[in-house]
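For reference, the structure discussed in these notes is given below.
Number of protein chains: 2
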Amino acid sequence: MNKLQNIENLTASERLIMCGIRPSVQRLAIMDYLMNNHNHPTVDVIYNQLLPSIPTLSRTTVYNTVEALVEHGAASALTIDSRNAHYDARLDPHSHFMCNRCGRIIDMPLHYDVMNDSPEPGSTVESVNIYYRGLCNNCNSRQ
Amino acid sequence: MNKLQNIENLTASERLIMCGIRPSVQRLAIMDYLMNNHNHPTVDVIYNQLLPSIPTLSRTTVYNTVEALVEHGAASALTIDSRNAHYDARLDPHSHFMCNRCGRIIDMPLHYDVMNDSPEPGSTVESVNIYYRGLCNNCNSRQ
DNA sequence: TTCATTTTTAAAATCGTTACAAAATTATAA
DNA sequence: TTATAATTTTGTAACGATTTTAAAAATGAA
């Protein structure tokens, strides 16, 4: 629902409520993790990171929650990695780079006005993703 | 290997050879299908389309072949669809739109000089994909 | 032809994700 | 509060795309 201007400054709880998602212990933990770790985690990473603090957590809950977050505009799903989905709580326009060697995903600034493009008259663009691939600095310097 | 200028004008056989892939009946059929059908097919679509003419064809062969095509630069893989990979034999710079309702993938012109962007000093960009998502004209007009 | 190499094939295994139903939790209303 | 309904979480099973594996078939070289 990303309507208000500074949704980026809200707490996890506030963002959930603003997006129409009822907060629960699990949803708060997942939203909070995503907002404080801009590492574009997979479901499995989120699950394993939160397991110590929520020992009863189920993988299904993580799947359900990230699906709800994306559906309600509280986060977005990246398809840059064909193996599995990555999730991102940054809501401002930006793009992504994935290193072909180490798999790390790096945020990049977005220089283009991509939202105004359209494939054919009568179509409507709802979202745009720019995915760069290559070798990151680390992997490049290790020859 | 996409080095020569008009690789787009070559036959399937010529493109395979130029990319260092030994032509076989199956590889030729797959390369030819991709070059003549710009519908961004999945492995399953390719498999089912070619099965009538190559009744012994195996899905594994299609997987192996598209992997080789991508690896050697004779085609590219699209990760726009989280369900499964789509393949594209168009080698000139362009971007893609996927309709959220019907799933159709439409080619779009590329207006930006994305290959010159870089995530961090010392990194190298090997490929860029721009993925638009929304509703196509067809699906929009059906309310 | 014979032998080595490459390619194809089919079946099984893997793995991310989804479906499902029961258990637990939370909200509502008497 | 207590009873009841609705929502959420959980664990297991199912699913489906992809990968692995090993054997069979095809190809190339000598």
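So the protein lines, in turn, are chains A and B. Going by the numbering used here, the first sequence opens with residue 1, and the numbers climb by one from there. Going by the numbering used here, the second sequence opens with residue 1001, and the numbers climb by one from there. Each residue gets a CB set at the ideal place from its N, CA and C atoms; glycine is no exception.
List, in chain order, every chain B residue whose beta-carbon is nearer than 8 Å to that of A:V128. As a first step, residue 128 of chain A is located in the first sequence; it is residue number 128 there, counting from the start. What A:V128 touches in chain B: I1130, Y1131, Y1132, R1133.
Out of curiosity, what's the CA-to-CA distance linking B:A1085 and B:V1043? By one-based count along the second sequence, residue 1085 of chain B stands at place 85. By one-based count along the second sequence, residue 1043 of chain B stands at place 43. Taking the straight line joining both Cα atoms gives about 8 Å.
For A:L51, count neighbouring C-beta atoms within 10 Å of its own C-beta (all shown protein chains included) and say buried if the count is 16 or more, exposed if not. Here residue 51 of chain A is taken as the residue at index 51 of the first sequence, counted from 1. Exposed.
Whole-angstrom C-beta distance between B:R1101 and B:L1135, which should lie under 8 Å: Within the second sequence, the letter at position 135 stands for residue 1135 of chain B. Within the second sequence, the letter at position 101 stands for residue 1101 of chain B. About 6 Å; that satisfies the 8 Å criterion.
For A:Y87, would you say it is in contact with chain B, using Cβ-to-Cβ distances shorter than 8 Å as the test? By one-based count along the first sequence, residue 87 of chain A stands at place 87. No, A:Y87 does not count as interfacial toward chain B.
Is B:S1076 near the ligand SAH, judged by its Cβ being under 7 Å from some heavy atom? Although the ligand SAH was asked about, the structure shown includes no ligands whatsoever.
Provide the residue(s) that pair with B:S1118 in DSSP beta bridges, ordered along the chain. Locating residue 1118 of chain B in the second sequence gives position 118, where the first residue counts as 1. DSSP, once it has assigned bridges, lists no residue as partnering B:S1118.
To the nearest angstrom, how far is it from the Cα of A:R24 to the Cα of A:V70? Residue numbering aside, residue 24 of chain A sits at position 24 when the first sequence is read from its first letter. Residue numbering aside, residue 70 of chain A sits at position 70 when the first sequence is read from its first letter. Contrary to the premise, residue 24 of chain A reads as Ser rather than Arg in this sequence. Their backbone Cα atoms lie some 17 Å apart in a straight line.
B:N1060 by DSSP, collapsed to three states: which one? Translated into the one-based positions of the second sequence, residue 1060 of chain B becomes position 60. Residue identity differs from the one stated: residue 1060 of chain B is Thr in this sequence, not Asn. Reduced to three states, the DSSP call for B:T1060 is helix.
Where does B:M1088 fall in DSSP's three states? As a working mapping, residue 1088 of chain B is identified with position 88 in the second sequence. It should be noted that the sequence gives Asp, not Met, for residue 1088 of chain B. B:D1088 falls in the strand class under three-state DSSP.
Hey, quick one: how far does the alpha helix (DSSP H) through B:N1028 stretch, first residue to last? Locating residue 1028 of chain B in the second sequence gives position 28, counting from the first residue. Before going further, note that residue 1028 of chain B is Leu rather than Asn in the sequence given. Unbroken alpha helix (DSSP H) run through B:L1028: 1025-1036.
Starting from A:A74, follow its DSSP beta bridges and name the residues at the other end. Your numbering for residue 74 of chain A matches position 74 in the first sequence. According to DSSP, residue pairing for A:A74 in a beta bridge does not occur.
Determine the DSSP secondary structure at A:I130, reduced to helix, strand or coil. Within the first sequence, the letter at position 130 stands for residue 130 of chain A. If DSSP states are grouped into helix, strand and coil, A:I130 belongs with the strands.
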